[in-house]
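Asks: Quick one: the structure is below, questions incoming.
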Amino acid sequence: MATTVFIPTPLRPFTDQQATVQVAGASVGEVLQNLVTVHAELRNHLFTADGKLRSFVNVYLNDEDIRYLNKEQTPVGATDTMSIVPSVAGGSGEVRS
Amino acid sequence: MTELNSDEVRRYSRHLIMPEVGVEGQRKLKDARVLCVGAGGLGSPAALYLAAAGVGTLGLCDFDAVDFSNLQRQVLFSTDDVGRPKLRAASDRLKGLNPNIRIIGHETMLTSANALDIFKDYDIIVDGADNFPTRYLVNDACVLLGKPNVYGSIFRFDGQVSIFATKGGPCYRCLYPEPPPPGLVPSCAEGGVLGVLPGIIGTIQAAEAIKLILKIGESMVGRLLLFDALQMKFRMLKLQRDKACPVCGDSPTVTKLIDYEQFCGITPAVKAADQGKVSADQEMSVSDLKARLDQHNVFLLDVREPREWEISRIEGATLIPLGELPKRLSELPDPTSGLEIVVQCKTGIRSAKAVNLLREKGYTRVKNLRGGIMEWIQRIDPSLHSY
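Which chain is which? The protein sequence lines are A and B, in order. For reference, each letter of the first sequence is one residue, going 3 to 99 in this note's numbering. For reference, each letter of the second sequence is one residue, going 151 to 537 in this note's numbering.
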């Protein structure tokens, strides 16, 4: 069973520019682990060195923030989708350097 | 409420015939006071539509001058405005669009010292800032003053919109309790942005501000809109107020504005590198580089992006974009070879980061080209394209 994970543009360089990837796993945590196993460069962007999800990366199951579900233990079903929602600050997109 | 004059009745007729706006709604708009933080990509369309819609008092907070590279998306400005202070150019444009409204310019950098004072005279804040410290500053000031923050943010092809800091609703910190460490998330400066993207996102912000003023429809409080221009997909996620939020939670610990640069991990060293500063002995001038290139005893490393390289490049340079540098060190001369590396970007800011990175990796003979390729074009080779 594979879940669709939406990848935001800042992280697409690490998924061969794919906007969505299909990842297996029975829980949110399993899907994320399998995701960073297949796309190893994502690991540093999603997890801290001791394996915790970074606080500025939000993970949603369908339209719900997993922090208000059962966090990484939240079960994932066949029709569910997951989204990674990183913080972006851009307002003017100024090329300054 | 203030009456509409005859010019306003003609001007707003398409609003006045709508039951959801009508004369009463239009008068609400006329009495409303909205502040746009940032007169850039997001602030441009937001301010234009708010002015056109008849928002009676429109504030703009920005301190930049109009640059050629702004025109690709900052539709408030025209080619003739390049070099003018943004607020003066914006004020002319907005007054030309709608002489019935009051434009107030705050030509200053928004800081913890002035934010509350600037915000207090407005009903709604439209956040179109371009950096994390200002995002957190705007959020906290809005929470402390109880003013809605119509938030929009963009990067490359992605946009986000929500409304924060309404009574009982979530704030930006509920969504993102902490900022990313500097350098981990690419900035628009490194990643670029599709010119029409802020047009879409800024216009949505204007729509949400107008809905808040008119008290119509379903606002975006408690919802986060994600927009992906490449897939042309809008998705809506739920947001909740975090009871433990340090600013808007049940027992807030942040009760006054803080040092947001420090909060975002922007130390003096990071700031210096961000502004393209390395110590003077780690810099090289363009004329010195010219002499060294003529003698063939230097390795010139260009850390810009391939698209920029296509526009113009210094003969003899090697391209490794800054983001790829850590994993492509093997393409550089060995640190023990004694060959000096000079790093160059557009204006010297990214290359300063690269110099610091290379020094951390043990490269001792590495210098930053002061002023980047822009200065090279100006002083050494005007036949190259500047951009």
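From the three backbone atoms N, C-alpha and C, an ideal C-beta is built for every residue, glycine too.
1. Helix or strand or just coil, what does DSSP make of PHE213 (chain B)?
2. Below 6 angstroms CB to CB, which residues in the same chain sit around TYR162 (chain B) once its five sequence neighbours on both sides are set aside?
3. Spell out whether any CB of chain B is found under 8 angstroms from the CB atom of VAL87 (chain A).
4. Which first and last residues belong to the beta strand (DSSP E) in which ASN518 (chain B) is found?
5. For PRO456 (chain B), report the span of its alpha helix (DSSP H) as first-last.
6. For chain A, is any of its Cβ atoms less than 8 angstroms away from the one on MET386 (chain B)?
7. Run the CB neighbour count on LEU251 (chain B), radius 10 Å, all protein chains shown included, and call it buried at 16 or more, exposed below.
8. Can you list, in chain order, the residues of its chain whose CB lies under 8 angstroms from that of SER99 (chain A), leaving out five sequence neighbours each side?
9. Is the Cβ of VAL23 (chain A) closer than 8 angstroms to any Cβ of chain B?
10. Determine the direct distance from the alpha carbon of PRO283 (chain B) to that of HIS1 (chain A), and round the result to whole angstroms.
11. With a cut-off of 8 angstroms, does the C-beta of TYR276 (chain B) fall near any C-beta of chain A?
12. Can you name the residues of chain B whose CB is closer than 8 angstroms to the CB of ASN60 (chain A)?
13. At the 8 angstroms Cβ level, is GLY92 (chain A) part of the contact set with chain B, yes or no?
14. To be precise: take each residue of the segment 279-307 of chain B, compare its Cβ to all Cβ atoms of chain A, and keep it if any distance is under 7 angstroms. Which residues remain?
15. Determine the chain A residues that contact GLN432 (chain B) at a beta-carbon separation under 9 angstroms, and present them in chain order.
16. Using a threshold of 8 angstroms, state whether the C-beta atoms of LEU362 (chain B) and PRO298 (chain B) are closer than that.
17. Flag ARG323 (chain B) as yes when its Cβ comes closer than 7 angstroms to any non-hydrogen atom of the ligand MN, and as no otherwise.
18. Any idea which residues DSSP pairs PHE305 (chain B) with across the strands?
19. Quick check on the DSSP output: what are the complete alpha helix (DSSP H) runs of length 4 or more inside the segment 433-520 of chain B, in order along the chain?
20. Does DSSP put GLN24 (chain A) in a helix, a strand or coil?
21. Within 8 angstroms of any Cβ in chain B, is that where the Cβ of ASP82 (chain A) sits?
22. For the segment 32-45 of chain A, list every residue whose C-beta sits within 8 angstroms of some C-beta in chain B, in sequence order.
23. Tell me ARG373 (chain B)'s beta-bridge partners as DSSP assigns them.
24. Does the Cβ of GLY95 (chain A) have 16 or more other Cβ atoms within 10 Å, making it buried, or fewer, making it exposed?
25. Identify, in the order they occur along the chain, each residue of the same chain with its Cβ nearer than 6 angstroms to the Cβ of VAL428 (chain B), setting aside the five sequence neighbours on each side.
26. Where do the ends of the beta strand (DSSP E) carrying TYR537 (chain B) lie?
27. Check this for me: beta carbons of SER312 (chain B) and LEU380 (chain B), under 8 angstroms apart or not?
28. Would you report the Cα separation of CYS211 (chain B) and LEU44 (chain A), rounded to the nearest angstrom?
29. Whole angstroms are fine: how far does the CA of LEU443 (chain B) sit from the CA of LEU451 (chain B)?
30. Please check if any C-beta of chain B sits within less than 8 angstroms of the C-beta of ASP67 (chain A).
31. Have a look at B:ARG160, B:ASP217 and B:ILE167 and flag the residue whose alpha-carbon is nearest the alpha-carbon of ALA189 (chain B).
32. Below 6 angstroms CB to CB, which residues in the same chain sit around PHE384 (chain B) once its five sequence neighbours on both sides are set aside?
33. Report all residues from its chain with a CB closer than 7 angstroms to the CB of ASN1 (chain A); omit the five preceding and five following residues, and keep chain order.
34. Should the segment 343-358 of chain B be regarded as contacting the segment 403-412 of chain B, the criterion being three or more beta carbon pairs within less than 8 angstroms?
35. On the CB-based measure, 16 or more other CB atoms within 10 Å of its CB, does MET151 (chain B) come out buried or exposed?
36. Examine chain A for any beta-carbon lying closer than 8 angstroms to the beta-carbon of VAL397 (chain B), and answer yes or no.
Replies: So, from the data block:
1. Numbered from 1 along the second sequence, position 63 holds the residue referred to as residue 213 (chain B). DSSP places PHE213 (chain B) in coil when its eight states are reduced to three.
2. As a first step, residue 162 (chain B) is located in the second sequence; it is residue number 12 there, counting from the start. Closer than 6 angstroms at the Cβ level, and outside the excluded window around TYR162 (chain B), lie GLN176 and GLY204.
3. Along the first sequence, one-based indexing puts residue 87 (chain A) at 85. Closer than 8 angstroms: yes.
4. Taking the second sequence and counting its residues from 1, one reaches residue 518 (chain B) at position 368. ASN518 (chain B) -> beta strand (DSSP E) spans 516-519.
5. On the second sequence, residue 456 (chain B) is found 306 positions in, with the first residue counted as 1. Note, PRO456 (chain B): alpha helix (DSSP H), 456-461.
6. To locate residue 386 (chain B), count along the second sequence from 1; it is residue 236. Yes - at least one Cβ of chain A is within 8 angstroms of the one on MET386 (chain B).
7. As a working note, residue 251 (chain B) is residue 101 in the second sequence. The displayed chain sequence assigns Ile, not Leu, to residue 251 (chain B). By the 10 Å Cβ count, ILE251 (chain B) comes out buried.
8. The count along the first sequence starts at 1 and reaches residue 99 (chain A) at position 97. Residue placement at SER99 (chain A) is flagged as unreliable, the pLDDT there being 31, under the threshold of 50; the coordinate-derived value follows with that caveat. There are no such residues.
9. If you number the first sequence from 1, residue 23 (chain A) lands on position 21. With 8 angstroms as the cut-off, VAL23 (chain A) does not count as an interface residue toward chain B.
10. Residue 1 (chain A) is absent from the model: chain A starts at 3 and stops at 99.
11. The count along the second sequence starts at 1 and reaches residue 276 (chain B) at position 126. According to the sequence shown, residue 276 (chain B) is Val rather than Tyr. Output row for VAL276 (chain B): interface = no.
12. As a first step, residue 60 (chain A) is located in the first sequence; it is residue number 58 there, counting from the start. Near ASN60 (chain A) (Cβ distances below 8 angstroms), the residues of chain B are LEU325 and TYR326.
13. As a working mapping, residue 92 (chain A) is identified with position 90 in the first sequence. Yes, contact with chain B.
14. ALA279, ASP280, ASN281, PHE282, ARG285, SER303, ILE304, PHE305, ARG306 and PHE307
15. Position 282 of the second sequence, counting from 1, holds the residue named residue 432 (chain B). Residues of chain A passing the Cβ test: none, with the nearest at roughly 17 angstroms.
16. Position 212 of the second sequence, counting from 1, holds the residue named residue 362 (chain B). Position 148 of the second sequence, counting from 1, holds the residue named residue 298 (chain B). The answer is yes: Cβ separation under 8 angstroms.
17. You won't find the ligand MN in this model; it holds no ligand whatsoever.
18. Within the second sequence, residue 305 (chain B) is the residue found at index 155, counting from 1. Per DSSP, B:ASP308.
19. 436-444, 456-461 and 499-510
20. In the first sequence, the residue the question calls residue 24 (chain A) occupies position 22. GLN24 (chain A) falls in the strand class under three-state DSSP.
21. For the purposes of this step, residue 82 (chain A) is identified with residue 80 of the first sequence, where counting begins at 1. No, its Cβ sits nowhere closer than 8 angstroms to a Cβ of chain B.
22. none
23. Here residue 373 (chain B) refers to the residue found at position 223 of the second sequence. According to DSSP, ARG373 (chain B) bridges with B:LYS388.
24. Here the question's residue 95 (chain A) lines up with position 93 in the first sequence. Because GLY95 (chain A) sits at a pLDDT of 41, beneath the cut-off of 50, its placement in the model cannot be relied upon, and the following sentence gives the value as read from the coordinates. Counting Cβ neighbours within 10 Å, GLY95 (chain A) comes out buried, since at least 16 surround it.
25. Translated into positions along the second sequence, residue 428 (chain B) becomes position 278. Answer for VAL428 (chain B): ALA502, VAL505 and ASN518, listed in chain order.
26. Translated into the one-based positions of the second sequence, residue 537 (chain B) becomes position 387. Note, TYR537 (chain B): premise wrong, no beta strand (DSSP E); not H, not E.
27. The sequence position of residue 312 (chain B) within the second sequence is 162, counting from 1. The sequence position of residue 380 (chain B) within the second sequence is 230, counting from 1. No. Outside cutoff.
28. The sequence position of residue 211 (chain B) within the second sequence is 61, counting from 1. The sequence position of residue 44 (chain A) within the first sequence is 42, counting from 1. If you take the alpha carbons of CYS211 (chain B) and LEU44 (chain A), they lie about 37 angstroms apart.
29. Position 301 of the second sequence, counting from 1, holds the residue named residue 451 (chain B). Position 293 of the second sequence, counting from 1, holds the residue named residue 443 (chain B). About 12 angstroms.
30. For the purposes of this step, residue 67 (chain A) is identified with residue 65 of the first sequence, where counting begins at 1. Yes, because at least one Cβ of chain B sits closer than 8 angstroms to the Cβ of ASP67 (chain A).
31. Numbered from 1 along the second sequence, position 39 holds the residue referred to as residue 189 (chain B). Comparing Cα-Cα distances from ALA189 (chain B) to each of B:ARG160, B:ASP217 and B:ILE167, the minimum goes to B:ASP217.
32. Translated into the one-based positions of the second sequence, residue 384 (chain B) becomes position 234. Cβ neighbours of PHE384 (chain B) beyond the five flanking positions: PHE377.
33. Only positions 3 to 99 of chain A appear in this structure, which leaves residue 1 (chain A) out of reach.
34. no
35. What you label residue 151 (chain B) is simply residue 1 of the second sequence in a count that begins at 1. Answer is exposed; the Cβ neighbour count stays below 16.
36. Within the second sequence, the letter at position 247 stands for residue 397 (chain B). Output row for VAL397 (chain B): interface = no.
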